[in-house]
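J.:
Residue numbers (the numbering used here): 41 to 345.
#1: Starting from residue 189, trace the beta strand (DSSP E) both ways and give me its first and last residue.
#2: Report the CB separation of residue 253 from residue 271 in whole angstroms; it is logged as a contact under 8 angstroms.
#3: Exposed or buried, residue 244, counting other C-beta atoms within 10 Å across all chains shown (16 or more means buried)?
#4: Answer with buried or exposed for residue 47, where buried requires no fewer than 16 other C-beta atoms within 10 angstroms of its C-beta.
#5: Contact defined as beta carbons within less than 8 angstroms: I believe residue 137 pairs with residue 117. What is the distance between those atoms, to the nearest angstrom?
#6: Going by the beta-carbon positions, is the gap between residue 341 and residue 321 smaller than 8 angstroms?
#7: Counting Cβ pairs closer than 8 angstroms, one from the stretch 160 to 169 and one from the stretch 201 to 214, do we hit at least three?
#8: Expressed to the nearest angstrom, what Euclidean distance is found between the alpha-carbon atoms of residue 44 and residue 169?
#9: Going by DSSP, what residue range makes up the alpha helix (DSSP H) through residue 198?
#10: Taking all protein chains shown into account, decide if residue 259 is buried (16 or more other Cβ within 10 angstroms of its Cβ) or exposed.
#11: Can you tell which of 284, 82, 85 has its C-alpha closest to the C-alpha of residue 189?
#12: Under the DSSP definition of a beta bridge, which residues are partnered with residue 289?
#13: Does the distance from the CB of residue 302 to the CB of residue 266 come in under 8 angstroms?
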C-alpha cells in the first residue's frame with residue numbers, strides 16, 4: 041500500500057498542475073466553454089467521429105456528453121450523419137463555423153504551452169517532457185504509452201557519452217576493438233574544441249531522461265558538411281529516430297548554405313545505409329580495409345543540396 045507521504049505528494053502535484061495550466065478557471069483559456077467542452081471540440085477536430093469515440097477518449101459521463109454535443113449542434117458547430125458502418129451511430133464533424141470557433145483557442149493553448157516551455161532551458165524542457173511521458177506510461181493501464189523521444193543540443197557530459205556509447209555498442213554488435221573508441225574521441229574533441237555554431241551542430245536524442253541517440257554535422261570546408269557519429273541505441277530503434285537525425289543534419293546544412301553533405305560509413309552498418317539512401321545520399325566510392333580488428337568495407341556517400 042502507498043504511504044501517506046506518497047499520497048500527499050501526488051495530491052500536491054495535482055493541485056500544482058491544475059493551477060499551472062488553468063483548468064480551475066470557469067472558462068478555460070478565457071473561452072466561453074468549460075475544459076470538458078473544449079476537450080470535446082478538440083477530439084472532434086482531431087479525428088474522433090462518433091460519440092462513442094469521444095466518450096472512450098475522455099471517459100465522460102454519457103449524459104453530459106450528449107448534452108454537450110446537442111449544445112454544439114444548436115450553435116452550428118457540428119454536423120451529424122448516420123454512420124455507413126453502423127446505422128445506430130452518428131458520425132460527427134466540425135462545420136466551418138465550428139472550426140472557426142475552435143481555432144483561436146487551439147492556437148491559444150499551443151501558445152500557453154510554448155510560453156511555459158520557453159521559460160525553461162533546453163535540457164529542462166527535455167526532462168519535463170520525458171517525465172510527463174513516464175507519468176503517462178505508468179498510469180495508463182490501457183497499455184504502455186507510445187515511445188517518444190526529444191532532440192536537444194548537447195550539455196555537460198554528453199560528449200563523453202557519445203564516445204563511450206559508440207565504443208560499447210560497436211564492440212557488442214560488430215566486435216570493433218579499442219582503436220575505434222580513440223577515433224570517436226578524436227572526432228568529438230575536434231567538434232567540441234573548434235565548433236562553429238553557425239555552421240555546425242550536434243543533436244542528442246533523449247527518451248525518459250536517458251540519452252538514446254546522437255549525430256553531428258561538422259564543417260569540411262565552406263561548401264561541404266559532414267555527417268558524423270550517427271548512433272541510435274537499441275532501446276530507441278524502430279521509432280524513425282535515425283532518419284530524423286539525418287533529416288535534421290540535411291535541413292541545417294541547407295539552411296547554413298552548404299552545397300553538399302558527405303559522410304563515411306561501412307557496408308556492415310545496414311540500417312544506417314538504408315537511412316542514407318532514403319535521405320537521397322548516393323554511394324560514391326568504397327574500399328576494403330582491415331581496421332579495428334576486423335575486415336571492413338569503408339563507404340563514402342554524398343548528397344548534393
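All residues carry an ideal CB built from backbone N, CA and C; glycine is no exception.
Please read all numbers here as calculations on a predicted model, not as lab measurements.
T.: On the basis of the supplied data:
#1: It is not in any beta strand (DSSP E) - residue 189 carries neither H nor E in the DSSP assignment.
#2: 6 angstroms
#3: buried
#4: exposed
#5: 6 angstroms
#6: yes
#7: no
#8: 27 angstroms
#9: 198 to 214
#10: buried
#11: 284
#12: None, per the DSSP bridge assignment.
#13: yes
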